[in-house]
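Undergrad:
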Amino acid sequence: MEDFFYEMTQLDIRFADIALIVLFVNVAFFIKIFRERTELKWFAMTLIAALIIQLLAYVFASKYGNNLPLLHLHTLLEFIFISLFYRQILFSEHRLNVYLVYFIGIISLLIVANSIFLEPLTGFNGNAKGLSQSLIIIYTILYFFSRISTEVREENMYLNKINASILLYYSGSLFIFIFASFLVKNSQVLNHYFWEFNALLYLVFQLLILTATWRLVFPTTLDMKSEE
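Heads up: the sequence shown begins at 83 in our numbering, then just goes up one per residue.
Written as structure tokens, this is what we have:
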């Protein structure tokens, strides 16, 4: 969603606008299903926070000309909610479950400290974004390994799809943010193409999330029989 916090070309804006529409649908879907699928509660919070912040980003950009402070806020909330999501689906029955709460708290403090002392709220938070996205990627890899020796029931395949979607998006986005500061200062042309790719990547991410949860919202006859 970082394309909302940058001056985009017309093509980028179209990608971002379409992604926002898909995100709105995803939020509606998750609100509908998370009470039955409690393991999705924190991921639903991730999407809701993203939707609210993206809408605010439009307002800040038009009124103040700079919406990058919202990127700092989004980085913090995104890390907390996704960490709690993986804590629930990956470590709920593990002794590390309690320690992960402290770990999330420490990293959250580092993200806040970065915004206060290192990277101002009016600029990109490449350090914090790189750290949080790296940890999220590690979560996804741990999830994959945890499922190698575990038989996954068909009705739980949506978690695998969500995990794969997260890995795809955050890997690509991390690459962009690693070089974001350099690109802004040194190559406007290359910078344009990277951010255009990020807008497209976020759209693909939202579409993958949509396909992962579609059958939960609109189960087929076969799905209902398997649950019985």
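Just so it is clear, CB atoms sit at the ideal spot from N, CA and C, and this is done for glycine as well.
1. Using only the alpha-carbon positions, how far apart do Tyr217 and Ser144 sit?
2. Give the DSSP-derived three-state secondary structure of Asn209 in the structure shown.
3. Can you tell which of Phe111, Leu159, Ile171 and Met239 has the C-alpha that lies nearest to the C-alpha of Ser214?
4. Can you list, in chain order, the residues of its chain with a C-beta nearer than 7 Å to that of Leu298? Leave out the 5 residues immediately preceding and following it.
5. Ignoring anything shorter than 4 residues, give me the alpha helix (DSSP H) runs that lie fully in the stretch 122-167, in order along the chain.
6. Can you tell me whether Ser228 is buried or exposed, with buried defined as 16 or more other CB within 10 angstroms of its CB?
7. If we count the other Cβ atoms within 10 Å of its Cβ and call it buried at 16 or more, is Thr204 buried or exposed?
8. Check whether the Cβ atoms of Ile244 and Ile291 lie closer than 8 Å to each other.
9. Would Phe163 and Thr128 qualify as a contact pair, given that the criterion is a beta-carbon distance under 8 Å?
10. Give the DSSP-derived three-state secondary structure of Thr293 in the structure shown.
11. Skipping 5 residues on each side, what residues in its chain have a beta carbon closer than 8 Å to that of Val183?
12. How many angstroms separate the CA atom of Asn148 from the CA atom of Leu178?
13. Hey, could you find the ends of the alpha helix (DSSP H) Leu182 is sitting in?
14. Can you give the Cα-Cα distance for Ala210 and Phe257, rounded to whole angstroms?
TA: Let me lay it out:
1. Numbered from 1 along the sequence shown, position 135 holds the residue referred to as residue 217. Numbered from 1 along the sequence shown, position 62 holds the residue referred to as residue 144. It should be pointed out that residue 217 corresponds to Leu in this sequence rather than to Tyr. For Leu217 and Ser144, the distance between alpha carbons rounds to 33 Å.
2. Position 127 of the sequence shown holds residue 209. Helix, per DSSP.
3. For this step, residue 214 is matched to residue 132 along the sequence shown. Nearest to Ser214 by C-alpha distance, out of Phe111, Leu159, Ile171 and Met239, is Leu159.
4. In the sequence shown, residue 298 corresponds to position 216, counting from 1. Counting only Cβ-Cβ distances below 7 Å, and skipping sequence neighbours, we find Ile115, Arg119 and Tyr240.
5. Segments of the alpha helix (DSSP H) lying fully in the stretch 122-167: 123-145.
6. Counting from one through the sequence shown, the residue named residue 228 turns up at place 146. By the 10 Å Cβ count, Ser228 comes out exposed.
7. Residue numbering aside, residue 204 sits at position 122 when the sequence shown is read from its first letter. So Thr204 counts as exposed.
8. Numbered from 1 along the sequence shown, position 162 holds the residue referred to as residue 244. Numbered from 1 along the sequence shown, position 209 holds the residue referred to as residue 291. With a cutoff of 8 Å on beta-carbon distance, Ile244 and Ile291 are scored as near each other.
9. What you label residue 163 is simply residue 81 of the sequence shown in a count that begins at 1. What you label residue 128 is simply residue 46 of the sequence shown in a count that begins at 1. In contact: Phe163 and Thr128 (Cβ atoms closer than 8 Å).
10. Position 211 of the sequence shown, counted from the start, is the residue given in the question as residue 293. Looking at Thr293 - three-state DSSP - the assignment turns out to be helix.
11. Indexing the sequence shown from 1 puts residue 183 at position 101. Cβ within range, chain order: Arg169.
12. By one-based count along the sequence shown, residue 148 stands at place 66. By one-based count along the sequence shown, residue 178 stands at place 96. Straight through space, the alpha carbons of Leu178 and Asn148 are spaced by roughly 40 Å.
13. For the purposes of this step, residue 182 is taken as residue 100 along the sequence shown, with counting starting at 1. The continuous alpha helix (DSSP H) containing Leu182 extends over residues Leu178 to Ala195.
14. Position 128 of the sequence shown, counted from the first residue, corresponds to residue 210. Position 175 of the sequence shown, counted from the first residue, corresponds to residue 257. Straight across, the Cα-Cα distance linking Ala210 with Phe257 is about 14 Å.
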